[in-house]
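*Asks:* Below is a structure I'd like to ask you about.
Number of protein chains: 2
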Amino acid sequence: MLSKKTKYGLKALTFIATRESDLPVQVSVIAKSEQIPQKFLESILLTLRKSGILGSKKGKHGGYYLRMEPLDIKMTDVMRVLEGPIAMVPCVSLNYYEKCDDCPDEHKCSVHKLMIEVRDSTLKVFRNTTLADLSNTNG
Amino acid sequence: MLSKKTKYGLKALTFIATRESDLPVQVSVIAKSEQIPQKFLESILLTLRKSGILGSKKGKHGGYYLRMEPLDIKMTDVMRVLEGPIAMVPCVSLNYYEKCDDCPDEHKCSVHKLMIEVRDSTLKVFRNTTLADLSNTNG
DNA sequence: TATTAATCCTATCAATTTAATAGGAATTAC
DNA sequence: GTAATTCCTATTAAATTGATAGGATTAATA
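Chains as they are written, first to last, in our numbering: chain A, 90 to 228; chain B, 90 to 228.
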C-alpha cells in the first residue's frame, strides 16, 4: 500500500506545481485545498525540503516552492524520499542494498529474481514520469 | 516492502515445486529447510490451501502439495493471496476496487494516473511469471 | 520595536498491521 | 490406540503509520 505520507506529498507537490505564480505556497493553503491534516503535511513538506526537492521561505509570506521545473522532478527521486526504497526487498535495492536477514544465500533465493523484475519495471515507470506529468490534469 | 508472509509463502511454494516426488510435504520439513518459524508457516500454507493453490492431506504422512503444475501457477494469483491487492491504492485495484477515503474525485487525482501505470507494469511481470520460473535455479 | 504569520523541530500518542507464539481439536496411517 | 500431522482460534509483541501538540525560530511590516 502507498502510505498516506507519500500520497499527501504527491498531491502537495502537484498543487505547488500547478500554481501560476512563483511565490511560496503556505502549508495551510495546501492543507485546506487538498484536505490534508495540516500538521502532518508540515512534516511531509519539511522532508521534501530537506531532500532538496522543495525550497522554503520562513516567516510572514513564507511557504514552500519547487527547486526545479516540474519537468525535471522525477518520480524516482520523489518516491524514494517519501516512500523509501523502490525495491520490495532490501537485497534488490539499488540505492539501499542490504542482505535480507532471513536469507542465507540470495543467489539461490527464488524471490530475489522475481523482485528484481518488479523493481525494474517499477523503476521504468518512475524514471519516465515527472511532476509535470502528474500536474497535467488533461490525462 | 514485501511482507515476510509473502516471502515465506513463495519460498515454501518453490520448495514444494522443486521436489521430485508428488508426495505431500510436511510443514516441519519446509520450515527447517527454509528457516521459517514453523507455526507461522503453518498459517501461511493454510491460507494457500484455502485459496486453492495448495492441497493438503491430514494425519500421519500428511502434508501439502501443489494443485496444479508449477507452470500453471501464476504470480498474479499467488501474490494476491499472500500480499493482497497488487495495486498500491484501492482506487486502481482491478480485483478489490474501492474509492479512496481521502480523495473527493479520483479523476482529478494526480496520484491515480501514476498508480495505474505502476499497477500495469507490475501486473505484466506477475502475469508473465509462474512458479516454474521461480523454481528454476539456473536463472 | 512589537506584532503577526509563517516554517522548523522534537516529542508523543493512538491505531493499525505484521510477525510470531500457544494450545489444543480433528484427522489419518499404521 | 498411538503417533503424526493439519486445522483452527486466540493471543501477544513489535514495528510502522498517521496524526497531534507545543513551542522555537525567522521574517515582513506597521
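Where is the CB? At the ideal position from N, CA and C, for every residue including glycine. None of these values were measured; they are calculated from a predicted model.
Please confirm whether glutamate 131 (chain B) has its beta-carbon closer than 7 Å to some beta-carbon of chain A.
*Replies:* Taking Cβ atoms only, chain A never reaches closer than 7 Å to glutamate 131 (chain B), which makes this a no.
*Asks:* Pull the bridge partners of valine 214 (chain A) from the DSSP assignment, please.
*Replies:* Per DSSP, none; premise fails for valine 214 (chain A).
*Asks:* Between leucine 160 (chain A) and the rest of its own chain, which residues show a CB-CB distance below 6 Å, the 5 nearest in sequence each way excluded?
*Replies:* Hits under 6 Å: Thr219 and Ala221.
*Asks:* Find out if the Cβ-Cβ distance for the pair proline 193 (chain A), tyrosine 153 (chain A) is shorter than 7 Å.
*Replies:* The answer is no: Cβ separation not under 7 Å.
*Asks:* Around the Cβ of asparagine 122 (chain B), are there at least 16 other Cβ atoms within 10 angstroms (buried) or fewer (exposed)?
*Replies:* The sequence as given places serine at residue 122 (chain B); asparagine does not occur at that position. Result: exposed.
*Asks:* Using Cβ-Cβ distances below 8 Å, what residues of the region 199–214 of chain B are close to chain A?
*Replies:* Here the close residues are Ser199, Val200, Lys202, Leu203, Met204, Glu206, Val207, Ser210, Thr211, Lys213 and Val214.
*Asks:* Which runs of the alpha helix (DSSP H) at least 4 residues long sit entirely within the region 144–182 of chain A? Give them in chain order.
*Replies:* Within the region 144–182 of chain A, the complete alpha helix (DSSP H) runs of at least 4 residues are 164–172.
*Asks:* Between threonine 95 (chain B) and the rest of its own chain, which residues show a CB-CB distance below 6 Å, the 5 nearest in sequence each way excluded?
*Replies:* Result list for threonine 95 (chain B): Leu171 and Glu172, in chain order.
*Asks:* Can you list, in chain order, the residues of its chain with a C-beta nearer than 8 Å to that of valine 181 (chain B)? Leave out the 5 residues immediately preceding and following it.
*Replies:* Result list for valine 181 (chain B): His201, Met204, Ile205 and Arg208, in chain order.
*Asks:* Who are threonine 232 (chain B)'s beta bridge partners in DSSP?
*Replies:* Residue 232 (chain B) is absent from the model: chain B starts at 90 and stops at 228.
*Asks:* On the criterion of 16 or more Cβ atoms from any shown chain inside 10 Å, does lysine 188 (chain A) qualify as buried, or is it exposed?
*Replies:* Exposed, by the Cβ-count rule.
*Asks:* Are any of the Cβ atoms in chain B nearer than 7 Å to that of leucine 91 (chain A)?
*Replies:* Closer than 7 Å to some Cβ of chain B, the Cβ of leucine 91 (chain A) qualifies, so yes.
*Asks:* Taking valine 116 (chain A) as part of the alpha helix (DSSP H), name the residues at either end of that continuous run.
*Replies:* Where valine 116 (chain A) is concerned, the enclosing alpha helix (DSSP H) stretches over 116–123.
*Asks:* Specify the secondary structure class of arginine 208 (chain B) as computed by DSSP and reduced to three states.
*Replies:* Three-state DSSP puts arginine 208 (chain B) in a helix.
*Asks:* May I ask you to report which of helix, strand or coil DSSP gives lysine 139 (chain B)?
*Replies:* Three-state result, lysine 139 (chain B): helix.
*Asks:* Closest to glutamine 115 (chain B) by C-alpha separation, out of B:Lys149, B:Gly141, B:Leu183 and B:Leu137, would be which residue?
*Replies:* Closest by alpha carbon: B:Lys149.
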